[in-house]
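Sequence order for the protein chains is A and B.
Everything in the first sequence is counted per our numbering, starting at 1 for the first residue and increasing by one.
Everything in the second sequence is counted per our numbering, starting at 1001 for the first residue and increasing by one.
The beta carbon of each residue, even a glycine, is placed where N, CA and C say it ideally should be.
Encoded as structure tokens, the structure appears first; notes follow it.
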Amino acid sequence: DAKTTQPPSMDCAEGRAANLPCNHSTISGNEYVYWYRQIHSQGPQYIIHGLKNNETNEMASLIITEDRKSSTLILPHATLRDTAVYYCINFGNEKLTFGTGTRLTIIP
Amino acid sequence: DTGVSQDPRHKITKRGQNVTFRCDPISEHNRLYWYRQTLGQGPEFLTYFQNEAQLEKSRLLSDRFSAERPKGSFSTLEIQRTEQGDSAMYLCASSPRWASGGDTQYFGPGTRLTVL
Chain A
1 DAKTTQPPSM
11 DCAEGRAANL
21 PCNHSTISGN
31 EYVYWYRQIH
41 SQGPQYIIHG
51 LKNNETNEMA
61 SLIITEDRKS
71 STLILPHATL
81 RDTAVYYCIN
91 FGNEKLTFGT
101 GTRLTIIP
Chain B
1001 DTGVSQDPRH
1011 KITKRGQNVT
1021 FRCDPISEHN
1031 RLYWYRQTLG
1041 QGPEFLTYFQ
1051 NEAQLEKSRL
1061 LSDRFSAERP
1071 KGSFSTLEIQ
1081 RTEQGDSAMY
1091 LCASSPRWAS
1101 GGDTQYFGPG
1111 TRLTVL
């Protein structure tokens, strides 16, 4: 079973920042927080990951709380192409365990 | 394109037939994974390889399923005597285990199987 909890759906206005929360209160010390997204009928796309520190790349920023029990994925300027299902995953061994994710809809 | 590729992208078959899917990982990635995704659910792990060795199989992988990676490069997933419940998207991913890039898994576009 997935060890993370995400809201099932969210809306965000185009051009605004999209903030997607994730709770992972049982995360182990050696587990990373990974984020993937899946646009309809495509394979999951890697976005970003982190262990303790906040991370930023060309796609998004990842904010991890100090106690590591929750995190937030930030898409700074959402576009219509960011409409997708976003998965937050605690990853420490070989296999990824996906939950049902958050369906993010960007509103024009 | 240097990403993970899968073939075919779509497969329609009749119940009881055998099907085989192919996955070509990113070059020099030594780990290769298979996942299955049904409608409305997240992907579920099936099995993975480290080079040519199959290191773990999920209980979802019944004896009708077999996966191989004979030379540590591409992999095949075969389903024998297909059932309607096998209808799903079959996803392949690869990762550069032991490389400086870490264990991030990169997914292919998937093969959508429909069993009639």
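When burial is assigned at 16 or more other CB atoms within 10 Å of the CB, is residue i buried or exposed?
| i | result |
| --- | --- |
| B/H1010 | exposed |
| A/R81 | exposed |
| B/G1040 | exposed |
| B/S1094 | buried |
| A/T65 | exposed |
| A/H24 | buried |
Is residue i helix, strand or coil when you go by DSSP?
| i | result |
| --- | --- |
| A/D11 | strand |
| B/G1085 | helix |
| A/R81 | helix |
| B/E1056 | strand |
| A/R68 | coil |
| B/D1007 | strand |
| A/R16 | coil |
| A/H21 | It should be pointed out that residue 21 of chain A corresponds to Pro in this sequence rather than to His. Three-state result, A/P21: strand. |
Please tell me whether residue i has its Cβ less than 8 Å away from any Cβ of chain D.
| i | result |
| --- | --- |
| B/F1045 | In the displayed structure, chain D is absent; the protein chains listed are A and B. |
Can you find a C-beta in chain A that's less than 8 Å from the C-beta of residue i?
| i | result |
| --- | --- |
| B/Q1105 | yes |
| B/E1052 | no |
| B/Q1080 | no |
| B/E1056 | yes |
| B/L1113 | no |
| B/Y1048 | yes |
| B/G969 | Any question about residue 969 of chain B goes unanswered here, given that chain B covers just 1001 to 1116. |
Taking only beta-carbon positions, decide if residue i is within less than 8 Å of chain B.
| i | result |
| --- | --- |
| A/Y86 | no |
Among all the DSSP beta bridges, which residues are the ones paired with residue i?
| i | result |
| --- | --- |
| B/F1065 | B/I1079 |
| B/V1019 | B/I1079 |
| A/S28 | Answer is none; A/S28 lacks a bridge partner. |
| A/G50 | A/V33 |
| B/S1094 | B/L1032, B/Y1106 |
| A/Q38 | A/V85 |
| B/I1026 | Answer is none; B/I1026 lacks a bridge partner. |
Subject >> Interfacial residues, the region 23–55 of chain A to chain B, with Cβ spacing under 9 Å >> reply: Y32, Y34, Y36, Q38, S41, Q42, G43, P44, Q45, Y46, H49
Subject >> Residues from the region 94–105 of chain A in contact with chain B, defined by Cβ distance under 9 Å >> reply: E94, K95, L96, T97, F98, G99, T100, G101
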